[in-house]
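All residue numbers for the sequence shown refer to this note's numbering, where the first residue is 1335 and numbers rise by one.
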Amino acid sequence: MGTNQDYKNRALASLEGKWTNSAIVTVIMLLLSGGIGTIFNAVLFNGSSTLWTLLCLPLSWGYMVYFLNLIRKEDINFERLFDGFKDYVRIFLAMFLVGICAFVGFLLLIIPGIIVALMLSQTAFILKDDPSISVADAMKKSKAMMDGHKADMFWLDVSFLGWIILSILTCGLGFILLLPYIETTLAHFYEDLKANTAWEKEN
């Protein structure tokens, strides 16, 4: 496994020449997720949060996977953002269960919530790499992959805290570039984690 700076350097290298497209995809994602919620609140009122969740969870998955495709030099057309809707039930269920598990952990105490979130953090990528895997098996595989690496990812996440604060100070505009940077970094972390897990099995 690499250092935090290794992953960030790789992310910057992957994003070279692709910042514009990445920013556009981010704006689309933010507008759709925020816009959908606003429309439902204004028009539907009751049940709007449920409908917003039904649409936005697959969109969030598509956004994560977009940057995994980017670092692999695969197709990164804008429509990739909506790939989660092609396998809607499986993707929605996975993202929903991961969120619920983390939420329950946070209800108990902050630390258990963080641990659960880290443990299940690779589920989305695993679903992308194995279209036939069940949601339960993807979550189990994420747990196994993160064994011994939860602290690595925790400190990688924490390393973006300064940039997050700066982005907030720009009234959120900074997130248009920061989110692609974060997602690309996490995609590189997954690739290392995947290779490391395969190596451990062989040895």
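Every residue, glycine too, gets a C-beta built ideally from N, C-alpha and C. Computed from a predicted model, the values in this text were never measured in an experiment.
- Closest by C-alpha distance to Ser1455, out of Gly1433, Leu1346, Arg1414, is Gly1433.
- Linking Phe1488 to Phe1494 through their CA atoms gives a straight-line distance of about 11 Å.
- By the Cβ neighbour-count rule, Lys1342 is buried, with 16 or more other Cβ atoms within 10 Å of its own.
- Nearest C-alpha to Lys1474 among Thr1504, Cys1435, Leu1511: Cys1435.
- Closest in C-alpha terms to Leu1402, from the list Leu1511, Ser1348, Ala1357, comes Ser1348.
- A Cβ-Cβ separation of about 5 Å places Asp1526 in contact with Met1335 under the 8 Å criterion.
- In this structure the stretch 1350 to 1366 touches the stretch 1508 to 1525; the number of beta carbon pairs closer than 8 Å is three or more.
- Contact between Met1363 and Leu1404 does not hold, since their C-beta atoms are separated by about 14 Å, which reaches or exceeds 8 Å.
- Residue environment analysis places Glu1408 among the exposed positions, since fewer than 16 neighbouring C-beta atoms fall within 10 angstroms of its C-beta.
- For the pair Tyr1397 and Ile1410, the CB atoms are not nearer than the 8 Å cut-off.
- Annotation for Asn1411: no alpha helix (DSSP H) segment contains it, and DSSP assigns it neither H nor E.
- Cα atoms of Phe1430 and Arg1424: separation of roughly 10 Å, rounded to the nearest angstrom.
- In the structure shown, Phe1437 falls within a helical segment according to DSSP collapsed to helix, strand and coil.
- Looking only at Leu1391, Glu1350, Asp1340, Leu1507, the smallest Cα-Cα distance to Ser1367 is reached by Leu1391.
- Taken atom to atom, the span from the alpha-carbon of Val1438 to that of Ala1428 is near 15 Å.
- Secondary structure of Pro1392 (DSSP, three-state): helix.
- Residue burial annotation: Thr1504 is exposed, with fewer than 16 other C-beta atoms found within 10 angstroms of its C-beta.
- Looking from the CA of Leu1346, the closest CA among Ala1521, Lys1528, Thr1531, Ala1529 belongs to Ala1521.
- Annotation note: the stretch 1458 to 1493 contains the following uninterrupted alpha helix (DSSP H) runs of length 4 or greater, listed N- to C-terminal: 1469 to 1479, 1484 to 1492.
- For the 8 Å CB-CB criterion, Met1453 and Ser1468 do not form a contact.
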